[in-house]
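Asker: A single structure is presented below for examination.
2 protein chains.
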Amino acid sequence: MGMPPGVPEVVVMRLPQYIRILSDMLARGVEMVSSQQLGEMLQVTPAQIRKDLSYFGRFGKQGRGYNVQGLLAELKDIMGLDRRWNVGLVGVGRLGRAILSYPGFAPEGFHIIAAFDSDPNLVGRVIGNLNVQSMNELDKAVKELDISIGIVAVPSRYAQAVIDRLMDCGIKAILSYAPIAPQGQAGVRIRNIDPVLSLQTMTFYLSNEADAG
Amino acid sequence: MGMPPGVPEVVVMRLPQYIRILSDMLARGVEMVSSQQLGEMLQVTPAQIRKDLSYFGRFGKQGRGYNVQGLLAELKDIMGLDRRWNVGLVGVGRLGRAILSYPGFAPEGFHIIAAFDSDPNLVGRVIGNLNVQSMNELDKAVKELDISIGIVAVPSRYAQAVIDRLMDCGIKAILSYAPIAPQGQAGVRIRNIDPVLSLQTMTFYLSNEADAG
DNA sequence: AGTTGACTGTGAAATTATGCACTAATAGAA
DNA sequence: TTCTATTAGTGCATAATTTCACAGTCAACT
């Protein structure tokens, strides 16, 4: 739909961060912002921000900077974040319930509108306003409710099977909380939420930059 | 301590994933693995894996591949993951308690041994085996308990202040669950756990790759 | 012992990403 | 109106990262 082809993935990964900063600024009543200021807040060079934005158009005013509200609206449009996304959750154990009760999704347009579990003791129960459905109903629900994003909150050993099921249903975006390296099909994006992995990327520096300071 | 200088950060970010795969393999009883096989599981090219490893040494046998147990041990050593890390948690609200009860940290050597909160109603209470301490005790506890990693699980509006406090105590690695762009000092690594941001990096593709398939 | 097939380690090449530095535009001051 | 101070957008240079492709090594088999 008129979106420039071949935008580097690194750029796409950064735009949500710009959006977050701009949202904060808008809430604080800031009207204009320069790439310089934006860069300071995100710890990147101003040039990178300008370059990133240039993939999509020209949003600034020379000598002035960017209109916060305007740029925010443009970026949300570009990223598809000016609309509602229906999300399905698989796994309503402890973690799944925590996810259901997390208040941060809905304000950003992500609405968890269906929950699934394979445990017969859970199917049929109402958890967090949702009627827990059997995995057999996944395909039907995805189509009828127009679910385009799946969240996986099942024990690791079942996670790959669940991801496979979601992909078979045509889901193209999956957020997995399982500490595994998921195997995805072409055209499907998978993101992992994995605090241990995050910690493990820092210990290298703790071990090796041990200067006396 | 004899660690090669100037290892690219991208490489350091990938090693924990190799470690995870190798752990799985070891548990499944696999003895040898080639860069080819490893690459298939991680969706990266074999050459990348070999190149990454070459920053640290020569771990494979030509014609055979890598010994799973041996490579795993080497990588854990390199990453500082063959030892115990003491972690302090700030914020013992709902999220903080979920983190305390998450069983995935300890088996990987990350031990949450202190919990802090600014809420007087929580200070002094025992939550998840830990006696919740006041923020005033942070500095002392960090030193006495040899805490080198901080986890931040406080509401967004307090997160930056908590991160600043941790950095003032000499903490050089922070895992933040707050949906903000944290400002770090030089030499301090901060990682974010932010499911909304993860979702937002996928909607671009959902919106723009909408081919009829 | 020699041959074969497999696979690592690594320079060199290709690709991708970042940062520089300049031009053009804009607002406000003089 | 002219001058000054800003700052966006961008072509180009540089830097970083990835991939290629091949020499060298190893174990198994004959």
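The listed protein sequences derive, respectively, from chains A and B. Numbering follows my numbering, with no gaps: position 62 of the first sequence is 62. Numbering follows my numbering, with no gaps: position 21 of the second sequence is 1021. Cβ atoms here follow ideal geometry from the backbone N, Cα and C, with glycine treated the same way.
Would you report the Cα separation of B/Ile1174 and A/Val10, rounded to the nearest angstrom?
Answerer: Between B/Ile1174 and A/Val10, the C-alpha separation is close to 23 Å.
Asker: Could you please give me the residues that DSSP links to A/Lys61 through a beta bridge?
Answerer: Partner(s): A/Gly65.
Asker: What is the rounded straight-line gap between the Cα of B/Asp1146 and the Cα of A/Leu71?
Answerer: About 45 Å.
Asker: Apart from the five residues on each side of it in sequence, which residues of its chain come closer than 7 Å, Cβ to Cβ, to A/Ser156?
Answerer: Taken in chain order, the residues that qualify are Ala178, Pro179 and Ile180.
Asker: Run the CB neighbour count on B/Pro1195, radius 10 Å, all protein chains shown included, and call it buried at 16 or more, exposed below.
Answerer: Buried: at least 16 other Cβ atoms inside 10 Å.
Asker: Put A/Val126 into one of helix, strand or coil per three-state DSSP.
Answerer: It is a strand residue.
Asker: Leaving out five residues before and five after A/Ile19 in sequence, what residues of the same chain have Cβ atoms less than 8 Å from its Cβ?
Answerer: Counting only Cβ-Cβ distances below 8 Å, and skipping sequence neighbours, we find Leu72, Leu75, Lys76, Met79 and Leu81.
Asker: Would you tell me roughly how many angstroms separate the C-alpha atoms of B/Gln1048 and B/Gly1039, rounded to the nearest one?
Answerer: If you take the alpha carbons of B/Gln1048 and B/Gly1039, they lie about 8 Å apart.
Asker: Would you mind sorting A/Ala256 into buried or exposed? The rule is 16 or more other CB atoms within 10 Å of its CB.
Answerer: Outside the displayed range of chain A (1 to 213) lies residue 256 of chain A, so it cannot be described from this structure.
Asker: Given a threshold of 16 other Cβ atoms within 10 Å of its Cβ, counted over all protein chains shown, does A/Ala212 qualify as buried or as exposed?
Answerer: With a pLDDT of only 38 at A/Ala212, under 50, the local geometry of the prediction cannot be trusted, and the value read off the model is given with reservation. A/Ala212 comes out exposed.
Asker: When you compare each of B/Val1044, B/Gln1043, B/Leu1042 and B/Ser1035 to B/Arg1058 by their alpha carbons, which one comes out closest?
Answerer: Of the candidates B/Val1044, B/Gln1043, B/Leu1042 and B/Ser1035, the one whose C-alpha sits nearest the C-alpha of B/Arg1058 is B/Ser1035.
Asker: Have a look at A/Asp117 and A/Met167 and give me their C-alpha separation to the nearest angstrom.
Answerer: Rounded to whole angstroms, A/Asp117 to A/Met167 spans 17 Å at the Cα level.
Asker: In the DSSP assignment, find the alpha helix (DSSP H) that holds B/Leu997 and state where it starts and stops.
Answerer: Nothing about residue 997 of chain B can be read from this structure; chain B reaches only from 1001 to 1213.
Asker: Name the residues in the stretch 91 to 108 of chain A whose C-beta lies less than 7 Å from a C-beta of chain B; which are they?
Answerer: The residues in question are Ala98, Gly104, Phe105 and Glu108.
Asker: Enumerate in chain order the residues of its own chain whose CB-to-CB distance from A/Val142 is below 6 Å, with the five nearest sequence positions on each side excluded.
Answerer: Excluding sequence neighbours, A/Val142 sits near Cys169.
Asker: Assuming B/Phe1204 and A/Val12 make a contact with CB atoms under 8 Å, what is their CB distance in whole Å?
Answerer: Rounded, the Cβ-Cβ distance is 5 Å, consistent with contact.
Asker: Is the separation between the beta-carbon of A/Gly88 and that of A/Ile112 shorter than 9 Å?
Answerer: Yes, these two residues count as a Cβ contact at 9 Å.
Asker: Does DSSP put A/Arg165 in a helix, in a strand, or in coil?
Answerer: Helix at A/Arg165.
Asker: A/Asn121: which of A/Ala114, A/Asn129, A/Phe110 and A/Met135 sits nearest, CA to CA?
Answerer: With distances taken between Cα atoms, A/Asn121 lies closest to A/Met135.
Asker: Assuming A/Arg28 is part of the beta strand (DSSP E), what are its boundary residues?
Answerer: Taken as a continuous stretch (DSSP letters only), A/Arg28 belongs to no beta strand (DSSP E), as it is neither H nor E.
Asker: Determine, using beta carbons only, whether B/Tyr1025 comes closer than 9 Å to chain A.
Answerer: Per the sequence shown, the amino acid found at residue 1025 of chain B is Met instead of Tyr. Cβ-Cβ to chain A under 9 Å: no for B/Met1025.
Asker: Run through DSSP, which three-state label would B/Tyr1018 get?
Answerer: B/Tyr1018: helix per DSSP, three-state reduction.
Asker: Is the Cβ of A/Leu206 closer than 9 Å to any Cβ of chain B?
Answerer: Yes - at least one Cβ of chain B is within 9 Å of the one on A/Leu206.
Asker: According to DSSP, what are the bridge partners of B/Ile1151?
Answerer: According to DSSP, B/Ile1151 bridges with B/Leu1089 and B/Leu1175.
Asker: Applying the 10 Å Cβ sphere with the 16-neighbour rule, what's the burial state of B/Ser1176?
Answerer: Result: buried.
Asker: Return the residues of the stretch 163 to 182 of chain A that lie within a Cβ-Cβ distance of less than 7 Å from chain B, sorted by chain order.
Answerer: So the list reads Lys172, Ala173, Leu175, Pro179 and Ala181, given in the order they occur along the chain.
Asker: Going by DSSP in three states, B/Val1033 sits in which element: helix, strand or coil?
Answerer: Note: B/Val1033 maps to strand in three-state DSSP.
Asker: Looking at chain A, is there any beta carbon in it that lies within less than 9 Å of the beta carbon of B/Pro960?
Answerer: Lying outside 1001 to 1213, the shown extent of chain B, residue 960 of chain B is not represented and no answer is given.
Asker: Assuming B/Ile1193 and A/Ser198 form a contact by the criterion Cβ under 8 Å, report the distance between their Cβ atoms to the nearest whole angstrom.
Answerer: Confirmed, Cβ separation roughly 6 Å.
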